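In our numbering, the protein residues as written are 8 to 346. First comes the structure, then the notes that go with it.
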Ligand SMILES: [Zn+2]
């Protein structure tokens, strides 16, 4: 069968690999759509997170954001039949077929309701990640928030805050790509900042306004209650780590949710954390099956439109182009493989 295989740094190829089989307690899925995740990009660029891809003699097959049709049902699997349209939690899905083990319905395998397309279903996994992060920040009506990173996770957080019915006074999105920022605006950001053109701290302060610090009222702090860091740290980046900027642009008692990976250790001045009593939360993945199913429900109810986030589609044979396109963050939002 055809698959997208990573062989080393910046080396993705379309390859012919052995087709897997459904063993006892497993199912085999014929993949219809599979997205390239930010974490897959870390593997592509630097070989990070090898555990979220499947080893084959040709290299590693990534892919965990996918949907398809059940093609084989192993012995002992209950409630799942050949032909069911599903999404599932497994890896190695950038291939024509992938197995899920154990194939437990509504735990690792989820049926797609009528009306949910394969492509939007393939974006459910990152949507669940955004939902988990969005909720962790506990956004409240009238607050002002900043999201760093207008990739699939950051944009998903914009969508989830909207879907949660929270009315923020300001929702500012920061990124380096005008294309992604335009999308953020479409989805509900009140303001956007392109960090390649503007000084983020100055611009945020201008948009959000300021509040005096309790003990030193002559010090005015940006009136920001909540920050989502959907960037983490990109190795070799000349800019200061987002977490450091986040600590500087928040008012006292603010919350910061970190939902981006760090490609390398960073040095950060933590004095604002201490002096402003800021709370920092790490957000990783989502609750299963709860938030994964909640995200599917948001798609089914059309509370979020995930199709607009898919900017490119490629066949598995064009893995090289697909990964290069996803790595070009100025041009792409979500790249998927389509079979
Ligand atoms: Zn992912």
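No residue lacks a Cβ here, since even glycine has one placed at the ideal position from N, Cα and C. Just so you know, these numbers come straight off a predicted model, no measurement behind them.
Point to revise | Residues near residue 214 in its chain [Cβ-Cβ closer than 7 Å; skip 5 each side] | key: 177, 179 and 198
**Study point:** Proximity winner among 58, 71 and 317, relative to residue 336 (alpha-carbon distances)
**Key:** 317
Point to revise | Same chain only: Cβ atoms within 8 Å of residue 154, ignoring 5 sequence neighbours per side | key: 161, 164, 165, 178, 179, 180, 181, 191, 196, 234, 235 and 237
Review point. With a cut-off of 8 Å, do at least 3 Cβ pairs link the region 238-249 to the region 279-295?
Key: no
Practice item. For residue 229, name the three-state secondary structure that DSSP assigns. Key: strand
Practice item. Go ahead and label residue 133 buried or exposed: buried means 16 or more other beta carbons lie within 10 angstroms of its beta carbon, across all protein chains shown. Key: buried
Review point. When you compare only the Cα positions, how much space is there between residue 229 and residue 150?
Key: 12 Å
Exercise for review: Find the nearest neighbour of residue 321 within the set 21, 16 and 15, judged by alpha-carbon distance.
Suggested key: 21
Practice item. Confirm the yes/no value for this check: CB of residue 44, any heavy atom of ligand 1, distance under 6 Å. Key: yes
Review point. For residue 269, which of 137, 135, 50 and 85 has the nearest alpha-carbon?
Key: 50
Check your understanding: By DSSP, does residue 286 sit in helix, in strand, or in coil?
Key -> strand
Point to revise | Rounded straight-line distance, which links the Cα of residue 77 to that of residue 202 | key: 44 Å
Check your understanding: Is the beta carbon of residue 114 sitting closer than 7 Å to the one on residue 296?
Key -> yes
Check your understanding: Under 6 Å from any heavy atom of ligand 1, does the C-beta of residue 133 make it?
Key -> yes
Review point. According to the Cβ coordinates, are residue 298 and residue 71 closer than 7 Å?
Key: no
Check your understanding: Can you pull the DSSP bridge partners for residue 10?
Key -> 22 and 102
Practice item. Keeping to the same chain, check which residues put their C-beta closer than 7 Å to that of residue 251; ignore five residues upstream and five downstream. Key: 275 and 276
**Study point:** Extent of the continuous beta strand (DSSP E) to which residue 199 belongs
**Key:** 198-201
Check your understanding: Do residue 126 and residue 10 have their CB atoms nearer than 7 Å?
Key -> no
Review point. If you draw a straight line from the alpha carbon of residue 265 to that of residue 92, how long is it in whole angstroms?
Key: 33 Å
**Study point:** residue 95 - containing alpha helix (DSSP H), residue span
**Key:** Not the alpha helix (DSSP H): residue 95 falls in the beta strand (DSSP E), residues 92-95.
Check your understanding: Looking at the unbroken beta strand (DSSP E) that takes in residue 151, where does it start and where does it end?
Key -> 151-155
Review point. In whole angstroms, what is the alpha-carbon distance linking residue 205 and residue 257?
Key: 18 Å
Review point. Which whole-angstrom value is the C-beta distance of residue 65 and residue 24, which I expect to be below 8 Å?
Key: 6 Å
Check your understanding: Between 326, 259 and 194, which lies nearest to residue 222 when the distance is taken from Cα to Cα?
Key -> 259
**Study point:** Candidates 325, 301, 80 and 255, of which the one nearest residue 226 by Cα
**Key:** 255
Exercise for review: Report the rounded CA-to-CA distance for residue 100 versus residue 300, giving the unit in angstroms.
Suggested key: 19 Å
Review point. Where does the unbroken alpha helix (DSSP H) through residue 52 begin, and where does it stop?
Key: 45-53
Check your understanding: Taking Cβ positions, are residue 343 and residue 123 nearer each other than 7 Å?
Key -> no
Check your understanding: Does at least one heavy atom of ligand 1 sit under 6 Å from the Cβ of residue 270?
Key -> no
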